[in-house]
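Number of protein chains: 2
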Amino acid sequence: MYFRPNIDAMAGYVPGEQPGTDRVVKLNTNENPYPCSPDVVEAIERAARAGLGRYPNPMGQPFRERAAEVLGVEPDWILCGNGSDDILTIVTRALVGEGDLLRLPYPSYILYKTLAELQNARAEEVPFESDWSLSEAFATGGDRLRLVFLPNPNSPSGTFVPPARILELAERLPCPLLVDEAYVDFAETNCMELVARCERIMVSRTLSKSYSLAGLRFGYLVAQPHLIEQFVKVKDSYNCDSLAVAGAAAALGDGAWLAENRAKILATRARLTDRVRKLGFKVVDSQANFVWATKEGTPLRPVFERLKQQRIYVRYMNYAGWGEGLRISVGTDEQIDAFLAEIERIVG
Amino acid sequence: MYFRPNIDAMAGYVPGEQPGTDRVVKLNTNENPYPCSPDVVEAIERAARAGLGRYPNPMGQPFRERAAEVLGVEPDWILCGNGSDDILTIVTRALVGEGDLLRLPYPSYILYKTLAELQNARAEEVPFESDWSLSEAFATGGDRLRLVFLPNPNSPSGTFVPPARILELAERLPCPLLVDEAYVDFAETNCMELVARCERIMVSRTLSKSYSLAGLRFGYLVAQPHLIEQFVKVKDSYNCDSLAVAGAAAALGDGAWLAENRAKILATRARLTDRVRKLGFKVVDSQANFVWATKEGTPLRPVFERLKQQRIYVRYMNYAGWGEGLRISVGTDEQIDAFLAEIERIVG
């Protein structure tokens with residue numbers, strides 16, 4: 263009764279299931295199955311022992327400086343966030359008011375719609391083409407269009423829109439385009455260099471996936487400094503804690519760990535893709551740490567349920583007008599073998 | 263050009279100065295000068311070593327369960343936040359839409375006004391009486407009044423409105439009243455038991471001050487469960503990281519540390535109050551970990567500046583229509599001695 267009508271009416275975003283026990287094969291929320299760089303653990307321990315009584319640097323400056331070196335931008339092009347969820351929230355609140363329009367592709371990350379609902383704004387879903395490319399409709403200037411989200415690589419498909427195409431679309435748009443690069447470290451290229459070429463292009467990243475740090479909550483935005491300045495007004499004063507800033511800076515500093523982890527995930531992804539295709543699934547080439555498997559003529563919810571009974575968690579998704587599929591995170595080879603053995607029993 | 267007009271027009275909240283060096287006496291942001299409980303450091307190290315690859319529990323359940331025991335409520339009465347800033351943001355976004363009204367007392371925590379501006383809502387400041395009590399105006403139902411904030415103990419005054427008076431006011435209000443108990447562990451009593459008695463009363467707490475964990479970013483809200491359910495829709499899915507949840511749960515588990523820390527701060531506060539009064543300052547009795555000192559006929563900005571030249575940071579505040587003062591955090595005895603020696607030189 264006390265709440266805003268848009269909040270009252272919302273169902274709320276439901277994050278992927280987090281089963282309470284460790285004795286499961288968890289391939290449902292695109293976490294990285296390997297432990298993070300030991301440098302990260304060491305940096306966190308050092309920060310904890312140094313004392314937590316003081317407020318952290320409000321801008322997460324130690325991370326900004328490290329990330330600037332790695333990314334080849336200046337620190338004032340970087341905004342730190344408490345997970346990239348925090349970044350998406352900040353950007354939405356800064357740009358999108360009640361009744362405004364926020365655009366996203368379909369099917370993609372459901373949270374973007376939730377962010378629009380929280381602002382009492384409208385969300386417009388522009389369908390991907392059947393080959394997961396984007397049509398001109400994605401660049402149309404709409405009435406009160408204020409922000410466009412594009413996850414790239416996309417979820418659930420794992421597909422990638424080439425940077426040249428994104429630049430083309432952004433140049434036609436009347437508003438900023440946030441390229442959500444949560445999975446980009448598993449892709450062949452990225453949009454980072456577009457940020458300097460077009461002020462409307464912003465890139466967000468997370469350390470949850472490729473750095474194996476979902477539990478740390480750290481993400482960041484790269485955008486031109488005059489945009490960053492406005493977003494700073496919207497963020498909570500101390501949105502990133504001292505431990506996360508120290509850990510995240512250490513993570514970006516260990517490039518060798520990232521390269522090795524990426525190589526392992528990509529090898530397992532290739533094997534997973536191949537084996538699932540051999541079972542008659544359609545699997546589009548993925549540039550992320552998951553694959554999207556569909557199967558015409560076979561209802562997939564029962565497959566998902568039977569996997570779950572065997573303590574193998576994947577994500578079942580059913581997109582109206584598009585169809586259903588299983589999104590399978592790339593786990594360890596052992597986890598993927600367990601998954602493959604079970605799904606072969608079910609559909610083989 | 264791309265931004266919402268209310269964001270464009272905002273100056274943005276400016277948090278207290280964080281000088282870059284350790285060689286200062288820092289009494290300006292009400293941090294706790296003592297190291298946190300060793301249990302906290304140990305819990306953080308354990309959590310870091312256990313791995314951060316998985317998403318944290320979305321509700322911070324380990325903290326909720328521990329806090330529920332300590333506070334004598336059920337876990338579903340508790341919402342975890344990334345600092346109490348996050349709690350204040352969530353509550354404001356859930357209740358206050360564009361053009362709605364948010365009420366706060368004056369002078370108090372400036373951030374509440376910023377939260378209204380971010381929502382493109384209006385803020386109404388109701389002045390405290392000259393003895394820092396609240397008049398009936400604080401309980402008037404206003405057009406589109408959606409949320410009332412009351413910091414208790416208040417900042418900058420450190421004064422406390424008795425729970426019975428708060429209940430009286432809340433019963434007359436048409437909307438929720440959030441009692442911000444950031445400093446309440448330094449007070450004689452608190453409003454926790456009112457939450458069950460009146461659904462409009464909500465209590466927020468932070469671990470930044472009394473638990474010496476400003477760097478960890480952890481706060482929480484206690485409210486009736488049907489309200490908590492709505493706030494959950496608004497928060498980021500994983501707003502509290504695994505390290506903060508583990509550390510915060512450990513902090514609440516070490517009641518002996520809290521009692522000892524509180525006793526030290528209260529003893530130093532009494533000595534600080536007494537000595538500053540002897541210098542001719544007016545100091546209202548504080549129930550927080552800071553004191554508010556005013557001095558008729560003596561301009562205080564120059565005093566603040568001279569202290570700063572000596573690397574002693576306090577907070578200078580000047581409230582239009584109310585006057586100026588120095589807010590001095592209760593540091594260690596050594597820090598307070600350094601402050602007293604210097605201010606005696608300046609005004610003595």
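One line per chain: the protein sequences are W and S, in this order. Add 262 to the 1-based position in the first sequence for our numbering, that's all there is to it. Add 262 to the 1-based position in the second sequence for our numbering, that's all there is to it. Glycine residues also receive a C-beta, built at the ideal position from the N, C-alpha and C atoms. Quantities reported herein were computed from a predicted structural model and do not represent experimental measurements.
Considering only C-alpha positions, which residue in the set the options is nearest to residue i?
i        : options                                   : result
S/Ala603 : S/Arg355, S/Ile574 and S/Met321           : S/Ile574
W/Leu588 : W/Met263, W/Phe543 and W/Ala271           : W/Phe543
W/Ser417 : W/Tyr581, W/Glu606, W/Arg328 and W/Arg607 : W/Tyr581
S/Asn551 : S/Pro415, S/Asp405 and S/Ala312           : S/Pro415
W/Phe566 : W/Pro367, W/Pro413, W/Trp519 and W/Asn290 : W/Asn290
W/Cys298 : W/Ser466, W/Gly403 and W/Tyr473           : W/Tyr473
S/Glu379 : S/Thr351, S/Gly404 and S/Ser392           : S/Thr351
S/Asn523 : W/Tyr264, W/Phe265 and W/Gly315           : W/Gly315
S/Ala312 : W/Arg311, W/Ala312, W/Gly313 and W/Glu307 : W/Glu307
S/Gly593 : S/Thr560, S/Ala529 and S/Gly585           : S/Ala529
S/Gly334 : S/Glu455, S/Phe480, S/Ala449 and S/Thr556 : S/Glu455
W/Ser564 : W/Leu373, W/Glu327, W/Gln492 and W/Glu586 : It should be noted that the sequence gives Pro, not Ser, for residue 564 of chain W. Here the closest residue by C-alpha is W/Glu586.
W/Leu412 : W/Gly403, W/Pro425 and W/Gly404           : W/Pro425
S/Glu458 : S/Pro438, S/Ala485 and S/Leu478           : The identity of residue 458 of chain S in the sequence shown is Ala, whereas the question assumes Glu. That would be S/Ala485, whose Cα lies nearest to the Cα of S/Ala458.
S/Asp595 : S/Leu562, S/Ala555, S/Leu520 and S/Ile527 : S/Ile527
W/Lys375 : W/Val546, W/Ile269 and W/Val545           : W/Ile269
S/Leu373 : S/Glu304, S/Glu391 and S/Asp347           : S/Asp347
W/Asn292 : W/Gly403, W/Thr402 and W/Tyr371           : W/Tyr371
W/Met263 : S/Val332, S/Glu336 and S/His488           : S/His488
S/Ala555 : S/Leu562, S/Val545 and S/Pro561           : S/Val545
W/Val287 : W/Phe601, W/Ile605 and W/Arg607           : W/Phe601
W/Leu341 : W/Leu562, W/Ala521 and W/Val465           : W/Val465
Taking Cβ to Cβ, would you say residue i is nearer than 8 Å to residue j?
i        : j        : result
S/Arg408 : S/Leu364 : yes
S/Gly345 : S/Thr468 : yes
W/Gly361 : W/Arg406 : yes
S/Trp615 : S/Ile490 : Since the first residue shown for chain S is 263 and the last is 610, residue 615 of chain S is missing from the structure and cannot be characterised.
S/Asn452 : S/Glu443 : yes
W/Gly420 : W/Val553 : yes
W/Tyr349 : W/Leu534 : Note that residue 349 of chain W is Ile in the sequence shown, not Tyr. In this structure, W/Leu534 does not lie closer than 8 Å to W/Ile349 by Cβ.
S/Tyr500 : S/Pro318 : yes
S/Gln381 : S/Thr354 : yes
W/Val446 : W/Ile428 : no
S/Val576 : S/Ile598 : no
W/Phe400 : W/Pro436 : no
S/Asn294 : S/Lys540 : no
S/Ser548 : S/Arg531 : yes
S/Ala513 : S/Leu475 : yes
W/Ala329 : W/Phe493 : no
W/Phe480 : W/Ala449 : no
S/Arg266 : W/Gly278 : no
W/Gly517 : W/Ala305 : no
W/Pro337 : W/Glu327 : yes
Would you say the beta carbon of residue i is closer than 7 Å to some non-hydrogen atom of the ligand MG?
i        : result
S/Ala310 : This structure lacks the ligand MG, and indeed carries no ligand of any kind.
Pairing CB atoms from the stretch 498-513 of chain S with CB atoms from the stretch 562-581 of chain S, are three or more of them under 8 Å?
no
Taking beta-carbon pairs under 7 Å, can you tell me which members of the stretch 570-600 of chain W lie near chain S?
Within the stretch 570-600 of chain W, no residue has a Cβ that lies closer than 7 Å to any Cβ of chain S.
Beta strand (DSSP E) runs contained entirely in the stretch 531-584 of chain S, provided each spans 3 or more residues:
Runs of beta strand (DSSP E) with 3 or more residues, each lying fully within the stretch 531-584 of chain S, are found at 552-556 and 577-581, listed in chain order.
Under 8 Å, with one C-beta from each stretch per pair, do the stretch 385-392 of chain W and the stretch 268-279 of chain W reach the 3-pair mark?
no
Mind pulling the beta strand (DSSP E) runs of 3 or more residues that sit fully within the stretch 328-375 of chain W?
340-343 and 363-368
Chain-ordered residues of the stretch 501-514 of chain S with a beta carbon less than 8 Å from chain W:
Those would be Asn501, Cys502, Asp503, Ser504, Leu505, Ala506 and Gly509, in chain order.
For the pair the stretch 299-313 of chain W and the stretch 492-499 of chain W, tell me if three or more CB-CB distances fall below 8 Å.
no
Output, in sequence order along the chain, the residues in the stretch 457-485 of chain W whose CB is closer than 7 Å to any CB in chain S.
Ser474, Leu475, Ala476, Gly477, Leu478 and Arg479
Interface positions of the stretch 315-346 of chain S facing chain W (Cβ-Cβ less than 9 Å), listed along the chain:
Gly315, Arg316, Tyr317, Pro318, Asn319, Pro320, Asn344 and Gly345
Contacting positions in the stretch 372-396 of chain S - beta carbon closer than 7 Å to chain W:
Answer in chain order: Leu380 and Asn382.
What are the start and end residues of each continuous alpha helix (DSSP H) run of 4 or more residues lying completely inside the stretch 409-442 of chain W, in chain order?
Taking 4 residues as the shortest admissible run, the stretch 409-442 of chain W contains the following complete alpha helix (DSSP H) segments, listed from N- to C-terminal end: 425-434.
Taking only beta carbons into account, state which residues of the stretch 419-448 of chain S come closer than 9 Å to chain W, listed in chain order.
Pro436, Cys437 and Pro438
Going along the chain, which residues of the stretch 357-368 of chain S sit with their C-beta nearer than 7 Å to a C-beta in chain W?
Leu357, Gly359 and Glu360
Go through the stretch 462-494 of chain S residue by residue and report every complete run of the beta strand (DSSP E) that reaches 3 residues or more, in order.
463-468 and 481-484
Report the start-end ranges of each alpha helix (DSSP H) in the stretch 295-324 of chain W that is 4 residues or longer and not cut off at the edges.
300-312
Contact set between the stretch 285-299 of chain W and chain S, restricted to residues whose Cβ is under 8 Å from the partner
Lys288, Thr291, Glu293, Asn294, Pro295, Tyr296, Pro297 and Cys298
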